[in-house]
Amino acid sequence: MLRIENLHAGYGPSRVLFGMDLCVEAGSVVSLIGRNGMGKTTTVMTIMGLIRPTQGRVYIGGADMTGRAPHRIAQAGMGLVPEGRRVFPSLSVRENLLATASAKRSHKWTLDKVYDLFPRLRERERQSARTLSGGEQQMLALGRALMTNPAMLILDEASEGLAPVIRTAIWDCLVRLKAEGETILVIDKNLKEMARVVDRHLVIEKGRLVWTGSPAQLAAAPEISHRYLGV
Amino acid sequence: MIAAPSTDSTPILALRHLDKRFGALHATRDVSLDVREGEIHALIGPNGAGKSTLIGQISGELQPDAGSVWLGGRDITGLRAWERPALGMARAFQISQLYLEFDAATNVALALITRDGGARRWRGAFNLWRPLLRDARLMQQAMRYLDMAGLTRPTVAVAELSHGERRQLEIAIALAQDARLLLLDEPMAGMSADESARMTELLDGLRRHCSILLIEHDMDAVFALADRITVLVQGAVLLTGTVGEVRGHPAVRSAYLGDEDAQN
Amino acid sequence: MSRRTLLNLILVALFASLPVLASVLDAPHLVGLATRFAIYGIAAASLDLVMGYGAMHSFGHAAFFGLGGYVVGVLAFHASMGLPLLGWTGTQAALLAWPLALACCGLLGLIVGYLSLRTSGVQFIMITLAFGQMVYYLLTSLPLYGGDDGMPLDQPNALPGVDLADPVQRYYLCAGLLLACLALWHRVVNSRFGYVLQGLRQSERRSVSLGVSALRYRLTAFTLSATGTGLAGILWANHALFISPDMASWHKSGELMAMVILGGVGTLVGPVLGAMAYLGLEELLGRWTEHWMLFFGPLLLVVVLFGRRGIHGLLTGPAPRRKVVAPHDAPRGAALKEVAP
Amino acid sequence: MLLVEQLLNGLQYSALLFLLASGLTLIFGIMGVVNLAHGSFYMVGAFAAAWATMNTGSLAFGALAAIVAAAAYGLVIERTIIRRLYRRSHLDQVLATLAIVFFTNELVTVLFGRSPILLPTPAWLATPVEILPGLPYPLGRLLFIAIGAAVAVFMWLLINHTRLGMLIRAGADDHDMVDALGVRIGRLYTGVFVLGCALCGLAGLMTAPLLAVETGMGERVLISTFVVIVVGGVGSVRGALAGALAVGMVDSLGRAYIPALMDLLLPPSAAVSVAGALVSASIYIFMAIVLLVRPRGLLPMRA
Amino acid sequence: AEPVRIGFVTTLSTPAGYLGEDSRDGFALAVKEGDGRLGGVPVQLLVEDDALQPARAKQITDRMLIDGVKVFTGGLFSNVVAAVAPSVAKDALYVSGNSGPSIFAGARCMPNYFATATQNNTSHEVAGRVANELGYKRMVILAANYQGGRDALEGFKSSFAGEVTEIYTKLNQLDYSVELARIRSLSPDAVYQFHTGGSGINFVRQYGSAGLTQQIPMVLTAYGMDERMLDAVGPLAIGSRVISMWSSALDVPASRTFVERFQAEYGRAPTLYAAQAYDTAHIIGSALAATGGRVDDLPALRQAMREPSFESVRGNFAFGNNQHPVQDWHLIEIIDDGQGKPVPRLLRVAAAGAGDAFAQDCKL
Ligand SMILES: Nc1ncnc2c1ncn2[C@@H]1O[C@H](COP(=O)(O)OP(=O)(O)OP(=O)(O)O)[C@@H](O)[C@H]1O
Ligand SMILES: Nc1ncnc2c1ncn2[C@@H]1O[C@H](COP(=O)(O)OP(=O)(O)OP(=O)(O)O)[C@@H](O)[C@H]1O
Ligand SMILES: [Mg+2]
Ligand SMILES: [Mg+2]
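Here is the structure:
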């Protein structure tokens, strides 16, 4: 589904990614983990075309999408839940969900489905996103991505600031999506909860992929988690 | 009116019958709670329960519709937001509020010079002549707080820091204000596992110096740190109690924890 | 030596040697032009103090420029006509008139600032414009001082040690004051106060939670800036020997703003370059063709589109620490996007 | 009877202000581009209308020309300049659009000369209709009010009740995210900008029978247009409408009554000039008061 | 010999630009006719745009002064002239070709300052008298509320016998419906109004399209209805009465030839501003001729200026003691030329040999 090879990218003068590789098979759930500031978000931004790579390639569904405009990449099936929420403050909850909703593809997700997943949002339907609580914004960001009915979801710290119940709900939801054949790339700090969902962990260190393996393997290799995750 | 809270063991922070509405929404319902000297008081509750709103009213960003806020036995309900830090309260935001164009050290330095609101006029922040950066002592001090919070890159513009690093800076600034009361809104959020662990130690160590009102969804941290926990649901206090009491409480499990702590 | 310092040195040298240059090139009017550079430089740098460092985009600064000019002009007028003004027969003495004028500008700045600072962003731009226009129309309604037509002054103020009637001496005075102004503003923006001010621009919420009273800092800066602009107005009246309401018109405010942006917001030296470029081009093109606007416009465009931070940015190259729009912080829509110093 | 007519006049001036403001609401209020060149598109529209009408003798052609020309010029400007400014600071936008003003004015001068030009208007526009017994009112002006109202409704629907409207506002909040969610925001913005310019063209056309068609006609209206929007509340069509009404009325009534008032209060010598200053400053004083009481305008976008 | 340089700082940009354009061309035409000479003396025109900003105008003239230019003209608006004239008139000649602000006409008149068009108030005083003669008893008089406008209405009132209602409009006002409604309700015998350039066009158009032209005759001066404005207003202007000291309809040989040549040279009808500048050029020319082009000898030059000998397009022309014109004023009617195009028709002389009231206060 998604493959990036030897990706180099950064912000203006400061380089961040030094030959990042990563591959997500269709229908699988993969996590990207690492310490703060190692380049997880940058990787995501580069995949989405929001940052131009200086080297390397990005393939989506086999097609070379390197340096394409973000909307092309999104139209190719990528659904992003960005770090730090980034909902549209001046739109109401409802508008946030509808504005970028996409009727393309199977059209699994509808307003009602999202509202069922997060009843909170239904209650706040007319409220402007600016005044939502942190967690509510996070739910909105997730719902917004789902409404584009992506072939592949990218979640950058999507469970941040969510109450345990909601977090559990989201993980359950991911499990369901996985069952429905959705491809997912998830960035999260919560290994324990991820273990339920992900097939493979990818560990990133200083802009490079340094280790990959199943949750079980990671659990079996404490030195890895100690070295790269500090736990 | 409401009588001043009893002064035998004056709580550092006392909320009395706070009430706040946003139009139809009742975001804070008759909330009363005490934060005692040197305690870490956790405030948990579902998303949208009204935790940040409560912090907002304590820090003066929001005016309560009714009720009063007491800091160290003084009624500060009427004070404006910028007057309160001078009385010894500091705050870390849930969604980072930082000076993006300055580097981390400068961010902290500003917190240092504005201690007690820069009230010491010409020796403090309101000084049009004294250069900020060429002040070695100030900068060293700033560095101390930075590595307390575990931030390793003091001279990089905040705009170029990663999300997690920003969260760390957020804490460093709050610490630098060296307040009697810390209001921390989800300090762990966005920090990687190891950073959260470090943060837990750090806060644990702070106990002696100040009191903390801690909002956090990371239950491991909460249960590890909190002396007492207040559970907020739909703007109202569900209960206040020790870790044990809260953990066991069925309502809390259903409304908030889910089967989360069953796992660990 | 960094390109910044080099640039500054060149500028100082240029200003210092200009009259000599003028006589060498046998182009005496250059001195007049340079005097205008200096005067507008002062105004622009002062405006930059609020625009670049406080994100207070004042669209009414011409009001202070005009007021400064009018105070000295009116005092001189009464002195020469010998008709008393509130029982006082005015004065030609700079040492008396100038401080008074500066005080007036400061006071006006204090009032306008106090009221305007209730708003921010676009609304701030417009409310300052409103006050500017009020001052403008006030000046037009003073028939005694020529109403809309303004009035000529028959001689410049008397300043001990300097003969303001002599172009070269006048020039050196203005250039000197410009340097002094720049030095002062530089000191201020790098002071503790300056950093708190810049902090307010970047995150007011954070500042408040540090116990900073936004109004106190912003108002102080605004008042300083107003006074600086007033000084420029005073010098202008003495240079042009003529005061008229359009010193305070919104066109003038716009011009000042344009100079600041053209030169580079938040660089203090930049706005001076901006003033030089703006006036210089106007003069050059104006003499070359009457359709000078046809070329002036595109030139401005080039600077905006290709210079990240105006002319100053072009000359000094990328500033040591450039602002990168982080993926984390979404740009605000209606609120003014801030410009890094 | 006079009062009725005066109110109608105030209303019509408001309509004029709103027509001018409508395009700016889109570009400035919602897309968040401080577009000082707004008046220039208005001028282009007016000149195009006049020129076409003169050469074809048909007002219909003129109308077409006005809207097309303004839109086309808008398209060129957006493609070449404005699109580079969306992410820039408002200040960069100010200077860039100011430059466009300079350029456009001079361009028009070179093309059409400096003299104001005539837009021949059919007599029927001037034919008075009896709106009330004994109160004749020129058809043209009624038409004017009608079109103003129509545009208002159209804009309101567009912005508040279409997905397009949502996307425009979202784009102003966070350009990149809209893009990353699969919407080609760039092209969308081009479209909106052009639409805004077309509205300017319409305004130019509508005002041409009443106002001189001359270079610099844009700046004359520019400031009052910004005043309208800010008074009404940036970013909301209802705001722009309210602003137009308020400013229109204040201005009209000010002109009608301030002089008389001054005559009562002041010695005749001072009265006239003071009244003059007050009348001219009235809308600014009004704006200042509004902003002091309601810093975000009368009907801001969202509380 | 080194040509005499003439500083011609006028308004070329801004909406008022067309006035400057016409006066520049009018002046240039005169120079052209004498192929590069005025009064037989070779001259060089230094044209620059003051953008209607007094300060800008002053900068440019100051620069030219330093460069040794001795003869200046071109300034159109009183605020520009007021800014420039005093410093120029110290040690050079300033000839104001269009406006004559009152400050320099009376007590503060200056030896090296001449106004060749008219003193600002005169046209309005004449208009007042004409209104009397036309038998108007009740009039509404309007002007934009700025110095010039206020002077205008003062001037008119000073000579008009009937009763007036004054209405002041805003400078650069867009919409006049309020004032028009007021006029209709007052239904006076006639209306006198003074709005120049765009505002003037707006006013007359809206006056016409409100259907008032037929009901209430309008009197104005040529400054409120020059040929360009006439073109821009179109048929709506037909019927209004214009006071002017020159018009293309004037039956003066010099004028007729001027109109033809201008038409031929620039392919458009000259405005009053062109005519004034044309005369100004010839006045300067006669002075140059008399002094043999020695402009450094100011007193001589000035003397020569005081008694100009030239063919004025206005018929008879002379300077009063305050060096402002004494000349005839004409009443002109705007009529339909048959194809619905408005054209001026000469009615009669409105005032013969009219000077201005300030002259007596001037000690020259
Ligand atoms: N806008 C920016 N400009 C310059 N450098 C940046 C910017 N954003 C991030 N960086 C740098 O890029 C590096 C990687 O940042 P990134 O956000 O990808 O880390 P991350 O793995 O997502 O960390 P976190 O878990 O804290 O989000 C960091 O060192 C950071 O300093
Ligand atoms: N200005 C406002 N207008 C309307 N509703 C508001 C406003 N501010 C907050 N709310 C609502 O009040 C409720 C409480 O918000 P608050 O931010 O306090 O929640 P919280 O407890 O901090 O949740 P989280 O844990 O997700 O941060 C939320 O439902 C939010 O939508
Ligand atoms: Mg990240
Ligand atoms: Mg919260």
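In order, the protein sequences belong to chains R, U, B, S and Z. The first sequence begins at 1 in my numbering and counts up one residue at a time. The second sequence begins at 1 in my numbering and counts up one residue at a time. The third sequence begins at 1 in my numbering and counts up one residue at a time. The fourth sequence begins at 1 in my numbering and counts up one residue at a time. The fifth sequence begins at 1 in my numbering and counts up one residue at a time. Ideal Cβ positions, reconstructed from N, Cα and C, are used throughout, including at glycine. A quick note: this is a predicted structure, and the numbers were derived from the prediction, not measured.
- Heavy atom of ligand 4 within 6 Å of K170 (chain Z) beta-carbon: What you label residue 170 (chain Z) is simply residue 170 of the fifth sequence in a count that begins at 1. The answer is no for K170 (chain Z).
- Task: Say whether the region 188 to 204 of chain U touches the region 97 to 108 of chain U, bearing in mind that this needs 3 or more beta-carbon pairs closer than 8 Å, one atom from each stretch.
- Result: no
- Using a Cβ-Cβ cut-off of less than 7 Å, list which residues of the region 84 to 109 of chain R approach chain S; keep chain order. R86, F88, P89, S90, L91, E95, L98, A99, T100 and S102
- Query: Of all Cβ atoms in chain S, is any one closer than 7 Å to the Cβ of T61 (chain Z)?
  - Reply: As a first step, residue 61 (chain Z) is located in the fifth sequence; it is residue number 61 there, counting from the start. Not one chain S Cβ lies under 7 Å of T61 (chain Z).
- Query: Any chance the CB of K51 (chain U) is under 6 Å from a heavy atom of ligand 2?
  - Reply: Position 51 of the second sequence, counting from 1, holds the residue named residue 51 (chain U). K51 (chain U) Cβ: within cutoff of ligand 2.
- Extent of the continuous beta strand (DSSP E) run through W70 (chain U): Numbered from its first residue, the second sequence carries residue 70 (chain U) at position 70. Start and end: A66 to L71.
- Return helix, strand or coil for F93 (chain U), following the three-state DSSP convention. Your numbering for residue 93 (chain U) matches position 93 in the second sequence. F93 (chain U) falls in the coil class under three-state DSSP.
- Task: Taking I113 (chain U) as part of the alpha helix (DSSP H), name the residues at either end of that continuous run.
- Result: As a position in the second sequence, residue 113 (chain U) is number 113, starting the count at 1. I113 (chain U) -> alpha helix (DSSP H) spans A104 to I113.
- Message: Please report whether the beta-carbon of A288 (chain S) lies at a distance below 7 Å from any beta-carbon of chain B.
- Response: Your numbering for residue 288 (chain S) matches position 288 in the fourth sequence. With 7 Å as the cut-off, A288 (chain S) counts as an interface residue toward chain B.
- Checking contacts by CB at 7 Å: is R121 (chain U) closer than that to chain B? If you number the second sequence from 1, residue 121 (chain U) lands on position 121. Only weak support is given to the placement of R121 (chain U): the predicted model assigns it a pLDDT of 49, under 50, and the value that follows is read from those uncertain coordinates. Judged by the 7 Å Cβ criterion, R121 (chain U) is not in contact with chain B.
- Taking G67 (chain R) as the reference, which of R:P53, R:V30 and R:W211 has the closest Cα? By one-based count along the first sequence, residue 67 (chain R) stands at place 67. Closest option to G67 (chain R), Cα to Cα, is R:P53.
- Does R296 (chain S) get closer than 7 Å to chain R when you measure Cβ to Cβ? Sequence index remark: in the fourth sequence, residue 296 (chain S) carries index 296 (1-based). It does not; no Cβ of chain R falls within 7 Å.
- Smallest Cα separation from V108 (chain U): which of U:L238, U:L146 and U:H17? Against the second sequence, residue 108 (chain U) aligns to sequence position 108. Comparing Cα positions, the closest option is U:L146.
- Under 7 Å between the Cβ atoms of Y278 (chain Z) and F258 (chain Z)? If you number the fifth sequence from 1, residue 278 (chain Z) lands on position 278. If you number the fifth sequence from 1, residue 258 (chain Z) lands on position 258. Cβ atoms of Y278 (chain Z) and F258 (chain Z): closer than 7 Å.
- Task: Mind listing the chain Z neighbours of M293 (chain B)? Cutoff is C-beta to C-beta under 7 Å, in chain order.
- Result: The sequence position of residue 293 (chain B) within the third sequence is 293, counting from 1. By Cβ distance, chain Z contributes S13.
- Message: What does DSSP give as the partner residue(s) for C342 (chain B) in the beta ladder?
- Response: Look at the range of chain B in this structure, 1 to 341, and you will see that residue 342 (chain B) is not part of it.
- Buried or exposed by the 16-neighbour rule on C-beta atoms within 10 Å, applied to R121 (chain U): Working through the second sequence from its first residue, we reach residue 121 (chain U) at position 121. Unreliable placement is indicated for R121 (chain U), whose pLDDT of 49 sits below 50; the coordinate value is still reported in the next sentence. Burial call: exposed.
- Query: Should S162 (chain U) be counted as a contact of ligand 1 given a C-beta to heavy atom distance under 6 Å?
  - Reply: As a working mapping, residue 162 (chain U) is identified with position 162 in the second sequence. Indeed, a heavy atom of ligand 1 lies less than 6 Å from the Cβ.
- Per-residue DSSP class, three states only, for D188 (chain R): Position 188 of the first sequence, counted from the first residue, corresponds to residue 188 (chain R). In this structure, D188 (chain R) counts as coil in the three-state DSSP scheme.
- Return helix, strand or coil for N6 (chain R), following the three-state DSSP convention. For the purposes of this step, residue 6 (chain R) is taken as the residue at position 6 of the first sequence. Note: N6 (chain R) maps to strand in three-state DSSP.
- Message: Against chain B, with Cβ distances strictly below 7 Å, would Y284 (chain S) count as a contact?
- Response: By 1-based counting over the fourth sequence, the position of residue 284 (chain S) is 284. By this cut-off, Y284 (chain S) is an interface position.
- Query: Mind checking T267 (chain B): buried by the 16 CB within 10 Å criterion, or exposed?
  - Reply: Counting from one through the third sequence, the residue named residue 267 (chain B) turns up at place 267. T267 (chain B) should be labelled buried.
- Task: Starting from the N-terminal side, write out each stretch of the alpha helix (DSSP H) that is 4 residues or longer and does not extend beyond the region 229 to 266 of chain B.
- Result: 250 to 263
- Item | Beta-carbon contacts of G244 (chain U) that lie in its chain and below 8 Å, excluding the five residues immediately before and after | Translated into the one-based positions of the second sequence, residue 244 (chain U) becomes position 244. Closer than 8 Å at the Cβ level, and outside the excluded window around G244 (chain U), lies no residue.
- Could you spell out the range, first to last residue, of the alpha helix (DSSP H) harbouring T280 (chain Z)? For the purposes of this step, residue 280 (chain Z) is taken as the residue at position 280 of the fifth sequence. Unbroken alpha helix (DSSP H) run through T280 (chain Z): L272 to T291.
- Anticipated Cβ contact below 8 Å, Y123 (chain B) with P295 (chain S), distance rounded: Taking the first residue of the third sequence as 1, we reach residue 123 (chain B) at position 123. Taking the first residue of the fourth sequence as 1, we reach residue 295 (chain S) at position 295. According to the sequence shown, residue 123 (chain B) is Gln rather than Tyr. Confirmed, Cβ separation roughly 6 Å.
- Task: On a CA-only basis, which of Z:S185, Z:V130 and Z:G135 is nearest S159 (chain Z)? Give me that one, please.
- Result: Along the fifth sequence, one-based indexing puts residue 159 (chain Z) at 159. When each option's Cα is compared against that of S159 (chain Z), the closest is Z:V130.
- Which word fits R206 (chain B), buried or exposed, when buried means at least 16 other C-beta atoms lie within 10 angstroms of its C-beta? Along the third sequence, one-based indexing puts residue 206 (chain B) at 206. R206 (chain B) is classed as buried because its beta carbon has at least 16 other beta carbons within 10 Å across all chains shown.
- Compute the minimum distance between the beta carbon of Y256 (chain U) and the heavy atoms of ligand 1, and state whether it is under 6 Å. In the second sequence, residue 256 (chain U) corresponds to position 256, counting from 1. Outside the cutoff, so no.
- Length of the line joining the Cα atoms of R220 (chain S) and P267 (chain S): By one-based count along the fourth sequence, residue 220 (chain S) stands at place 220. By one-based count along the fourth sequence, residue 267 (chain S) stands at place 267. Taking the straight line from one Cα to the other gives about 32 Å.
- Which residues, in order along the region 171 to 190 of chain R, keep a beta-carbon less than 7 Å from a beta-carbon of chain U? K189
- Task: Quick one: give me the first and last residue of the beta strand (DSSP E) that W211 (chain R) is part of.
- Result: Numbered from its first residue, the first sequence carries residue 211 (chain R) at position 211. From DSSP, the beta strand (DSSP E) with W211 (chain R) extends over R208 to G213.
- Query: If the cut is a Cβ gap below 7 Å, which residues of chain S does Q206 (chain Z) touch?
  - Reply: For this step, residue 206 (chain Z) is matched to residue 206 along the fifth sequence. Correct list: L210.
- Task: Return yes when at least one heavy atom of ligand 3 lies under 6 Å from the C-beta of E259 (chain R), else no.
- Result: The displayed coordinates of chain R run from 1 to 231. Any statement about residue 259 (chain R) would go beyond what the structure contains.
- Item | Cβ contact check for the region 15 to 29 of chain R and the region 135 to 148 of chain R: 3 or more pairs under 8 Å | no
- Message: The beta strand (DSSP E) that contains A212 (chain S), what's its start and end?
- Response: Along the fourth sequence, read from residue 1 onward, the residue named residue 212 (chain S) stands at position 212. No beta strand (DSSP E) holds A212 (chain S); DSSP gives it neither H nor E.
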